[in-house]
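J.: Residue numbers 31 to 178, in our numbering, belong to the letters of the sequence shown in order. Positions of the beta carbon are idealized from the N, C-alpha and C atoms, including for glycine. Remember, predicted model here, so these are calculated numbers, not experimental data. The structure under discussion is supplied below as structure tokens; questions concerning it will follow.
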Amino acid sequence: MPRDAALVELSVSLLSKALLLASTALVLACSSSPPDGINQDELTSESGSLLVTVSSAPDALPVRGENQIFYLVKSSATGAPVDGLALSMTPIMPAHSHASPDVPAGVGLGGGSYRFDDVLLSMPGLWELRTTVAGSPEDHFTPRFEVE
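This is how it looks when you write it as structure tokens:
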């Protein structure tokens with residue numbers, strides 16, 4: 031194969047791989063469901079009745095700036111997803127005794143999944159996502175993340 035033809039073939043191959051990677055990133059960014067395999071930390075609610083799996087986007091750990099936080103909420107007794115909860119979140123930086131200036135909006139996605147958009151973590155350090163559960167059961171839980 032002539033050198034120019036080999037370079038064209040290599041360029042087309044690299045371009046197609048780059049387009050595939052970019053389209054995958056776009057699907058994840060626009061997705062309404064939790065990202066797979068990203069910072070899947072499970073915690074138990076204060077009462078012990080709920081198991082909550084936490085994940086974030088755009089990165090494996092929340093970053094300084096705006097984030098999407100996903101919760102997958104299950105019954106600790108049955109393992110079944112729990113829908114119909116009203117969740118509210120307050121991002122707090124305990125070392126500075128202050129909350130994020132914005133209150134993120136939460137939305138139920140079905141199948142026990144909930145998404146919070148625009149979770150603003152304005153500075154590096156330890157953050158707590160103090161989350162209150164209204165509905166049946168009433169409860170709360172607090173995921174903690176170190177932001178660089």
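Histidine 126 by DSSP, collapsed to three states: which one?
T.: Coil.
J.: Let me know if valine 84 comes out buried or exposed under the rule of 16 or more other beta-carbons within 10 Å of its beta-carbon.
T.: With 16 or more Cβ atoms within 10 Å of its Cβ, valine 84 is classed as buried.
J.: Assuming serine 79 contacts proline 167 (C-beta within less than 8 Å), just tell me the rounded distance between them.
T.: At roughly 5 Å, the Cβ-Cβ gap stays under 8 Å, so serine 79 and proline 167 are in contact.
J.: Can you give me the C-alpha to C-alpha distance between threonine 108 and glutamate 76, rounded to a whole angstrom?
T.: Between threonine 108 and glutamate 76, the C-alpha separation is close to 17 Å.
J.: Kindly identify the DSSP beta-bridge partner or partners of glutamate 96.
T.: In the DSSP output, where bridge partners are listed per residue, glutamate 96 has Leu150.
J.: Less than 8 Å between the CB atoms is what I'm expecting for leucine 150 and proline 131, so what's the real figure, rounded?
T.: Indeed, because the Cβ distance is near 7 Å, the residues count as touching under 8 Å.
J.: Hey, serine 143 and leucine 102: beta-carbon distance below 8 Å or not?
T.: Contact flag set, yes.
J.: Tell me the DSSP bridge mates of glycine 136?
T.: Answer is Phe146, bridged to glycine 136.
J.: Just the Cα atoms here: how many angstroms apart are serine 134 and glutamate 158?
T.: Here residue 134 is proline; the residue named in the question, serine, does not match the sequence. About 13 Å.
J.: To the nearest angstrom, report how far apart isoleucine 68 and leucine 91 are at their CA atoms.
T.: With a pLDDT of 41 at isoleucine 68, under the threshold of 50, the modelled position of this residue cannot be trusted; read the value that follows with caution. About 8 Å.
J.: Quick test of your reading: threonine 120 and arginine 94, contact by CB under 8 Å. State the CB separation rounded to the nearest angstrom.
T.: Contact flag wrong, Cβ pair sits at about 18 Å.
J.: Suppose you measure from the CA of phenylalanine 175 to the CA of glycine 136; what does that come to, to the nearest Å?
T.: If I take the Cα positions, the gap works out to 19 Å.
J.: Within the continuous beta strand (DSSP E) that includes valine 163, where are the two ends?
T.: Taken as a continuous stretch (DSSP letters only), the beta strand (DSSP E) holding valine 163 covers 155-164.
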